[in-house]
């Protein structure tokens, strides 16, 4: 999970993935949804060195279960991914990791089902990315956009672990920097990268309005994007706990 | 959680990635202000109050579970901090209501 941000190191700002969002920090929401899948066995968080203490404190407070490994990111998204893959290299070489899922920590509303969909597609085909059709785009001068189908790409993106590691190793040797994980995979492997349906609610926190929207979408979902996979029955309303309220 | 946070976000008005001042009422974001151009987004009370009430309900319902998880993680630390946390609650809610209805 990429939480290192875009590399700006000035000002007194908080990394946006550490912002409060409906009672938790932004980045722990999607950790929660992803780790409900029984085969998600290892979680690695790519952070800024400056955020290490805040991230550790947040994880201790908000995330139960298997400890999460922390890796310091690089100057670009590609470099951060490479650092993460290097940390996973022994496990990948030992055959302990089949699929690597890369997710942007600024997308807190990626639910368990979306993680399951991309992992299943990657295990079958080699790679999978969630996309949303952008059918109504028009070029700046009125011309139609290139190709007959334009999509917006989201995360989580999932790939077979060994080919992904090999692709990034080759990219490092060539000095290639990809715009996203799929671009590196497509350049250095023959494995197909399949598109799976993304989720309109899987917003990326970019603008201030996105925080308002994410709050409302979480409330609308009763703070549960597990698709019914949470072990205990979730209680989101007083009527769930007060017998008198339930009768009414 | 603090009532004010600062974070790098892209401003819809000036288009720059800049520090934004974010003000919270309880757990809910109440307003944002771009420190570069001053662009201010604020939720109206009419919109914020129902959202706050709904959020408060969820906080109350989930509180026992959250307390149990915290106690299970660090029983001694939890027992040590509990009295202070209880004493801080009235002030915390007073600040939240003041922010909500000002």
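Chains as they are written, first to last, in our numbering: chain W, 1 to 248; chain E, 1001 to 1102.
Positions of the beta carbon are idealized from the N, C-alpha and C atoms, including for glycine.
Subject >> residue 1054 of chain E, enclosing alpha helix (DSSP H) - first and last residue >> reply: Residue 1054 of chain E -> alpha helix (DSSP H) spans 1045 to 1073.
**OP:** Can you tell me which of the three DSSP states residue 1016 of chain E falls into?
**Re:** Coil.
Original post:
Does any residue of chain W bring its CB to less than 7 Å from the CB of residue 1020 of chain E?
Top reply: Yes, residue 1020 of chain E lies at the interface with chain W (some Cβ there is under 7 Å from its Cβ).
Subject >> Residues bridged to residue 1021 of chain E [DSSP beta-bridge criterion] >> reply: Residue pairing of residue 1021 of chain E in beta bridges, as defined by DSSP: E/1006, E/1033.
**OP:** Name the two residues that bound the continuous alpha helix (DSSP H) containing residue 31 of chain W.
**Re:** Unbroken alpha helix (DSSP H) run through residue 31 of chain W: 26 to 34.
**OP:** Could you give the DSSP three-state label for residue 1081 of chain E: helix, strand or coil?
**Re:** In the structure shown, residue 1081 of chain E sits in a helix (DSSP, three-state: H, G or I).
**OP:** Confirm, please, whether the CB-CB distance from residue 1027 of chain E to residue 1004 of chain E is below 7 Å.
**Re:** Going by C-beta atoms, residue 1004 of chain E is not nearer than 7 Å to residue 1027 of chain E.
Original post:
For residue 150 of chain W, which three-state DSSP category applies?
Top reply: Here residue 150 of chain W carries a coil assignment [DSSP, helix/strand/coil].
**OP:** Give the interface partners of residue 1024 of chain E over in chain W, defined as CB-CB distance under 9 Å, in chain order.
**Re:** The contacting residues are 20.
Original post:
Going along the chain, which residues of its own chain have a beta-carbon closer than 6 Å to the beta-carbon of residue 158 of chain W, five neighbours each way excluded?
Top reply: Result list for residue 158 of chain W: 99, 101, 118, 119, 122, 128, in chain order.
**OP:** Tell me, please, which residues DSSP counts as bridged to residue 129 of chain W.
**Re:** Residue pairing by DSSP places residue 129 of chain W opposite W/195 in a beta bridge.
Original post:
Closest Cβ-Cβ distance between residue 1080 of chain E and chain W: below 7 Å?
Top reply: False, the Cβ-Cβ gap to chain W never drops below 7 Å.
**OP:** Give every residue of the same chain whose Cβ lies closer than 8 Å to the Cβ of residue 206 of chain W, excluding the five residues on either side of it in the sequence, and list them in chain order.
**Re:** 106.
Subject >> Separation of residue 151 of chain W from residue 160 of chain W, as counted between CA atoms >> reply: Each residue's alpha carbon lies about 23 Å from the other.
**OP:** May I ask you to list, following chain order, the residues of the stretch 179 to 190 of chain W that have a beta carbon less than 7 Å from some beta carbon of chain E?
**Re:** Those would be none; no residue qualifies.
Original post:
What does residue 157 of chain W pair with, by DSSP beta-bridge criteria?
Top reply: Answer is W/102.
Original post:
Is the stretch 33 to 40 of chain W in contact with the stretch 212 to 231 of chain W, if contact means three or more CB pairs nearer than 8 Å?
Top reply: Yes, the stretch 33 to 40 of chain W touches the stretch 212 to 231 of chain W.
Original post:
Start and end of the alpha helix (DSSP H) containing residue 209 of chain W?
Top reply: Note, residue 209 of chain W: alpha helix (DSSP H), 208 to 220.
Subject >> Environment of residue 188 of chain W [buried if 16+ CB atoms lie within 10 Å] >> reply: By the 10 Å Cβ count, residue 188 of chain W comes out buried.
Original post:
Using 8 Å as the Cβ pair cut-off and three pairs as the minimum, do the stretch 170 to 177 of chain W and the stretch 109 to 116 of chain W touch?
Top reply: By the Cβ criterion, the stretch 170 to 177 of chain W is not in contact with the stretch 109 to 116 of chain W, since fewer than three pairs of Cβ atoms, one from each stretch, lie closer than 8 Å.
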